[in-house]
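See structure below.
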Amino acid sequence: MATQANEGKILILATETCAYPGANSVGQAHSTYPANTYILRVRAPALFPEQFYLDCFEKGISGIIIMSCGEECPYEGAYHALAKRIDRVYKMMKERSLDIRRLRLTAICTVCNRAFLKEVNQMNDLVKELDEV
Amino acid sequence: MASETGEKVGVYICYCGGNISDHVDVEKVAENVKEVPGVAVARTNMFMCSDPGQELIMEDIKNGVVNRVVVASCAPALHELTFRGAIQRAGMNPYLYDHANIREQVSWVHHGDAATDKAATLVAAAIGKAKHLKPLSPIRVDAKNHATVIGGGLAGLRAARDLSRRGTEVLLLEKSPFLGGQAAQLGKLFPTGENAGDLIKQLAKEVSDDSNITLRACAEIIKSEGYVGNFKITVKKSSPTSEEYIEKLDTFGNSKAGIGDFVPFIGLCPMEVPSQTEEFTQDTGAVVFATGFKTYIPSAGEYGYGEYPEVITLPQLIRMMARGKSGGKLEINGKRIRRAALIHCVGSRHIPGIHEPGSDGNLNEYCSRVCCSATLQAANEIREKHPETYVFEFYRDIRTYGRGHEAYYDRASQNNVIFFRFEPEDPPVIEKTDGSQYPLKIRVKDMLTFGEDIEAEVDLVVLSVGMVPNDISDLVDMMKLPVGVDRFLLEVHPKLQPVELAKTGILLAGTCQAPMDIGEACSAAQAASSKVATLLSRGYVELDPFVAEINIEKCTGTGNCADVCPVEGAIQQSETESDGEKVMHTRINPALCTGCGICVAVCPENAIDINGWTLGQYEAMVDAIAEC
């Protein structure tokens, strides 16, 4: 799938124990997905403050998918801290008239190939639609 | 070209023998990144992980051409350590290196110009991060070569024995008065057919005879503090108060057995029950969890359980058959069993919306894995010892997954066990008969005959119950352990770190982690003991340096980081006076910090970061991605 120069960039924050190997599993299956996706390996996305997300959008990132371990997070309390933080980010996005659908929190496991592809394709369709408006 | 701050990044891009270069124009990527500020050299190689590939990196380091390394190749899990090793051998700090994954996340999923463009962007992002890297050293802490094993079942016994043989001193704690755990509730073990009691007796003797192992029964941990290599636990020994243990002690006493003896379906009593409560502390370097499982107890009325006396569980059948050995008859309530129905997947593979949560409010969505083979073994034993008894098996799927387990399925067919398959939404229904010579009838829509309604009258219904985790919530809370949605303890990664918890120095052995058979539990125990021995045998442990670090100059002592930190003692605050003013100091205990980064997000001054994964590094990566 070729990337068009004007396609919005999607940042994927993928946990090193779950979603990052999950993305590799998609690669091992040679399942294609939009190339305007950039995966950053993270230990736990709870690390990022609210401002980080807002700055990403400010810098021109069109969509962010946080691919966490969900309830299977190996760090005690990190997932719940993250979920609360994302709620606050949504409020801040609304205040700035940013469509909150541009930020999505999800859980992807090491073999969640279908879920990974679904999330990526959905976000790609969404940023296309939003960026056209 | 060095950056303004002196970083000279070497970029090394791999062809991976065509795996990458078939879809990514590797040379074009190298040309592009040469223009990125701070990049001193960009080289390509057919296999960067090969000796010649590693030599390229090492030569550039030795010649002073580069002082940061970015490798663009396959997934980092495969060769991150390879490249760190090469960098270290060349005399550079191995953490001045970042990795761009351009195979699994580029060439295997994208093609043409898009793949080349994305590879270049990811390499640029890695360069951005590399410029912000600083030298790190593994954290070294002294470690006591002593391990505590919690649980005296087969996995715990095995772990204790293996640890001792590797030179580690062991404290083995068993909560009950007996060794053997759930294995003591079994008769013959699949797939070898050996007696569970013999296995327990053999392992318990080896443990008892081992002067390097201290065994304590009726003992449980009531306090734990510290970190890998330096845990301090407080243990309480007391006379058992639970009805279950008192009943077992009575049965044991009535059997005329003594200390060191094994009584089937009770266990092996290794020592006198303490007459009074006592506490002691123990310094220990690692803790192995072998806390096991308990069998699922069906809800009242589930398949007629608790409603009809002829409905029992598989463990009850095993006990019944063991008792029948002397009399040679298979009976229930004094009546010969002519027909027995065995129902699989009771308490396992629950489906939300179809199955009702149990009395504890939980659905067990997992497969308990061992029940299919155990049920088939019981069916075969009935047919072979009591050929006059017919056996019907009602199953959803037969999952005889282990080596030699499928043979039980084949043998059951040869033994004329009759199988019926049901869908989860149409489970078998158990009813009382009216005036029949059989007490119960079982109805099912059988999918092997394409949905035919089948009815059979039987003397006995056996529920093949699954495994549920033991309640160790006190230990989970005390030691802050991660638990999965299935309520079993949760390993870091099922393949890459299968017996390790995120808290270093705490390991998993057996069914406290997930349903598994005895062979698998013993394998896990061996793996855990190997991990502990590797960790502790040097007298010190080296931990990944990816832990929080405070920038003292920026820190204003808000305490937000300490407030949100989930690990007690990982972030500590203390107040001192300086020039008459009270100043708050924040300190990290690197041995306790798990590097989760929750603290990073709440610092208003950005004064705390995770080494190797800093916020600034991520911002640099995002900048590079946004700019490309």
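Heads up: the protein sequence lines correspond to chains A and B, in order. Take any residue in the first sequence, note its place counting from 1, add 32, and you have its number in the working numbering. Take any residue in the second sequence, note its place counting from 1, add 1080, and you have its number in the working numbering. For each residue, glycine too, the CB sits at the ideal point set by N, CA and C.
Based on DSSP bridge pairs, tell me the residues matched to Tyr111(A).
As a first step, residue 111(A) must be located in the first sequence, where it is residue number 79. Answer is none; Tyr111(A) lacks a bridge partner.
Kindly indicate which residue of Gln1494(B), Met1596(B) and Ala1227(B) has the alpha-carbon position closest to the one of Lys1611(B).
Within the second sequence, residue 1611(B) is the residue found at index 531, counting from 1. Ranking the options by Cα distance to Lys1611(B), first place goes to Ala1227(B).
Look at Met1558(B) and Ser1256(B) and say whether their C-beta atoms are less than 8 angstroms apart.
What you label residue 1558(B) is simply residue 478 of the second sequence in a count that begins at 1. What you label residue 1256(B) is simply residue 176 of the second sequence in a count that begins at 1. Against a cut-off of 8 angstroms, the Cβ pair of Ser1256(B) and Met1558(B) comes out as no contact.
Would you give the residue range spanned by the alpha helix (DSSP H) that Gln1457(B) belongs to?
For the purposes of this step, residue 1457(B) is taken as residue 377 along the second sequence, with counting starting at 1. That run of the alpha helix (DSSP H) goes Cys1451 to Lys1465.
Does DSSP classify Tyr1481(B) as helix, strand or coil?
Indexing the second sequence from 1 puts residue 1481(B) at position 401. Coil at Tyr1481(B), not helix or strand.
For Arg120(A) and chain B, any beta-carbon pair shorter than 8 angstroms?
Here residue 120(A) corresponds to residue number 88 of the first sequence, with the count starting at 1. Judged by the 8 angstroms Cβ criterion, Arg120(A) is not in contact with chain B.
At a CB distance below 8 angstroms, what residues from the stretch 1626-1649 of chain B approach chain A? Give them in sequence order.
Of all residues in the stretch 1626-1649 of chain B, Phe1626, Val1644, Pro1646 and Val1647 have a Cβ within less than 8 angstroms of some Cβ in chain A.
Should Gln36(A) be labelled buried (16 or more other beta-carbon atoms within 10 Å of its own) or exposed?
Walking along the first sequence from the start, residue 36(A) turns up at place 4. Unreliable positioning characterises Gln36(A) in this predicted model, as indicated by a pLDDT of 47, which lies under 50. The coordinate reading is nonetheless provided below. Exposed: under 16 other Cβ atoms inside 10 Å.
Where does Ser1304(B) sit, in a helix, a strand or coil, going by DSSP?
To locate residue 1304(B), count along the second sequence from 1; it is residue 224. Reduced to three states, the DSSP call for Ser1304(B) is strand.
Can you check which of these residues, Leu130(A), Arg120(A), Ala110(A) and Ile96(A), is closest to Asn153(A) by C-alpha distance?
Position 121 of the first sequence, counted from the start, is the residue given in the question as residue 153(A). Checked all of Leu130(A), Arg120(A), Ala110(A) and Ile96(A); the closest Cα to Asn153(A) is Ile96(A).
Within 10 angstroms of the Cβ of Arg128(A), are there 16 or more other Cβ atoms? Answer buried if so, exposed if not.
As a position in the first sequence, residue 128(A) is number 96, starting the count at 1. Exposed.
Alpha carbon to alpha carbon, what distance is there between Glu1274(B) and Pro1574(B)?
Within the second sequence, the letter at position 494 stands for residue 1574(B). Within the second sequence, the letter at position 194 stands for residue 1274(B). Distance between the alpha carbons of Pro1574(B) and Glu1274(B) is about 30 angstroms.
Going along the chain, which residues of the stretch 45-60 of chain A sit with their C-beta nearer than 9 angstroms to a C-beta in chain B?
Of all residues in the stretch 45-60 of chain A, Leu45, Glu48, Thr49, Cys50, Tyr52, Pro53, Ala55, Asn56, Ser57, Val58, Gly59 and Gln60 have a Cβ within less than 9 angstroms of some Cβ in chain B.
Quick check: what's the CA-CA separation for Lys18(A) versus Val1682(B)?
Given a span of 33 to 165 for chain A in the structure shown, any question on residue 18(A) remains unanswerable.
Could you tell me whether the Cβ of Gln1457(B) comes closer than 8 angstroms to any Cβ of chain A?
As a working note, residue 1457(B) is residue 377 in the second sequence. With 8 angstroms as the cut-off, Gln1457(B) does not count as an interface residue toward chain A.
Nearest-angstrom Cα distance between Ile1678(B) and Asn1631(B)?
On the second sequence, residue 1678(B) is found 598 positions in, with the first residue counted as 1. On the second sequence, residue 1631(B) is found 551 positions in, with the first residue counted as 1. So the two alpha carbons sit approximately 16 angstroms from each other.
Starting from Arg1296(B), trace the beta strand (DSSP E) in both directions and tell me its first and last residue.
Residue numbering aside, residue 1296(B) sits at position 216 when the second sequence is read from its first letter. From DSSP, the beta strand (DSSP E) with Arg1296(B) extends over Ile1293 to Ala1297.
If you draw a straight line from the alpha carbon of Pro66(A) to that of Asn156(A), how long is it in whole angstroms?
For the purposes of this step, residue 66(A) is taken as residue 34 along the first sequence, with counting starting at 1. For the purposes of this step, residue 156(A) is taken as residue 124 along the first sequence, with counting starting at 1. Rounded to the nearest angstrom, the two C-alpha atoms are 7 angstroms apart.
Taking only the alpha-carbon atoms, compute the straight-line gap between Thr1638(B) and Arg120(A) and give it to the nearest angstrom.
In the second sequence, counting from the first residue as 1, residue 1638(B) sits at position 558. In the first sequence, counting from the first residue as 1, residue 120(A) sits at position 88. Cα-Cα distance, rounded: 21 angstroms.
Residues of chain E with CB under 7 angstroms from Gly1677(B), in chain order?
Of the protein chains in this structure, namely A and B, none is chain E.
Kindly indicate which three-state DSSP category Asp1490(B) falls into: helix, strand or coil?
As a working note, residue 1490(B) is residue 410 in the second sequence. Helix, per DSSP.
Tell me the rounded alpha-carbon separation between Gly1236(B) and Ile1302(B).
Mapped onto the second sequence, residue 1236(B) falls at position 156. Mapped onto the second sequence, residue 1302(B) falls at position 222. Gly1236(B) and Ile1302(B): Cα-Cα distance of roughly 19 angstroms.
Between Asn1691(B) and the rest of its own chain, which residues show a CB-CB distance below 7 angstroms, the 5 nearest in sequence each way excluded?
Your numbering for residue 1691(B) matches position 611 in the second sequence. Around Asn1691(B): Leu1216, Pro1625, Phe1626, Val1627 and Glu1629.
Please compile the residues from chain A whose C-beta is within a distance smaller than 9 angstroms of the C-beta of Pro1026(B).
Given a span of 1081 to 1708 for chain B in the structure shown, any question on residue 1026(B) remains unanswerable.
Have a look at Cys101(A), Ala78(A) and Thr69(A) and flag the residue whose alpha-carbon is nearest the alpha-carbon of Gly54(A).
Numbered from 1 along the first sequence, position 22 holds the residue referred to as residue 54(A). Closest option to Gly54(A), Cα to Cα, is Cys101(A).
Check this for me: beta carbons of Tyr1388(B) and Leu1543(B), under 8 angstroms apart or not?
As a first step, residue 1388(B) must be located in the second sequence, where it is residue number 308. As a first step, residue 1543(B) must be located in the second sequence, where it is residue number 463. No.
From this set, Glu1685(B), Val1308(B) and His1159(B), which residue's C-alpha is nearest Asp1131(B)'s C-alpha?
Indexing the second sequence from 1 puts residue 1131(B) at position 51. Residue His1159(B) is the option with its Cα nearest to Asp1131(B).
Is it buried or exposed for Tyr1376(B), if we count other Cβ within 10 angstroms and need 16 for buried?
For this step, residue 1376(B) is matched to residue 296 along the second sequence. Label assigned to Tyr1376(B): buried.
Out of Phe89(A), Met124(A), Tyr52(A) and Glu104(A), state which residue places its alpha-carbon closest to the alpha-carbon of Glu1707(B).
For the purposes of this step, residue 1707(B) is taken as residue 627 along the second sequence, with counting starting at 1. If we check each option's Cα against that of Glu1707(B), Phe89(A) comes out closest.
At the 8 angstroms Cβ level, is Ile176(A) part of the contact set with chain B, yes or no?
In this structure chain A extends from 33 to 165, so residue 176(A) is not present and cannot be described.
What does Ala1700(B) touch in chain A if you count any residue whose Cβ is under 7 angstroms from its own?
For the purposes of this step, residue 1700(B) is identified with residue 620 of the second sequence, where counting begins at 1. Correct list: empty, because the minimum Cβ distance to chain A is about 11 angstroms.
Considering only C-alpha positions, which residue in the set Phe1311(B), Leu1283(B) and Thr1455(B) is nearest to Phe1472(B)?
In the second sequence, counting from the first residue as 1, residue 1472(B) sits at position 392. Checking every option, the nearest Cα to that of Phe1472(B) belongs to Thr1455(B).
Taking the alpha carbon of Ser1553(B) as the reference point, which residue from Met1547(B), Leu1561(B) and Arg1618(B) has its own alpha carbon closest?
As a working note, residue 1553(B) is residue 473 in the second sequence. For Ser1553(B), the nearest C-alpha among the options comes from Leu1561(B).
Identify which residue in Val1524(B), Asp1197(B), Leu1569(B) and His1485(B) has its Cα closest to the Cα of Phe1499(B).
Position 419 of the second sequence, counted from the first residue, corresponds to residue 1499(B). Comparing Cα-Cα distances from Phe1499(B) to each of Val1524(B), Asp1197(B), Leu1569(B) and His1485(B), the minimum goes to Val1524(B).
Could you work out which residues of chain A lie near Thr1674(B), taking near to mean beta carbons separated by less than 7 angstroms?
Residue mapping note: residue 1674(B) aligns to position 594 of the second sequence, counting from 1. Those within 7 angstroms of Thr1674(B) in chain A are Tyr107.
Only counting runs of 4 or more residues, tell me where the alpha helix (DSSP H) segments fall wholly within the stretch 1100-1158 of chain B, in order along the chain.
With a minimum length of 4 residues, the continuous alpha helix (DSSP H) runs that stay inside the stretch 1100-1158 of chain B are 1106-1114 and 1131-1142.
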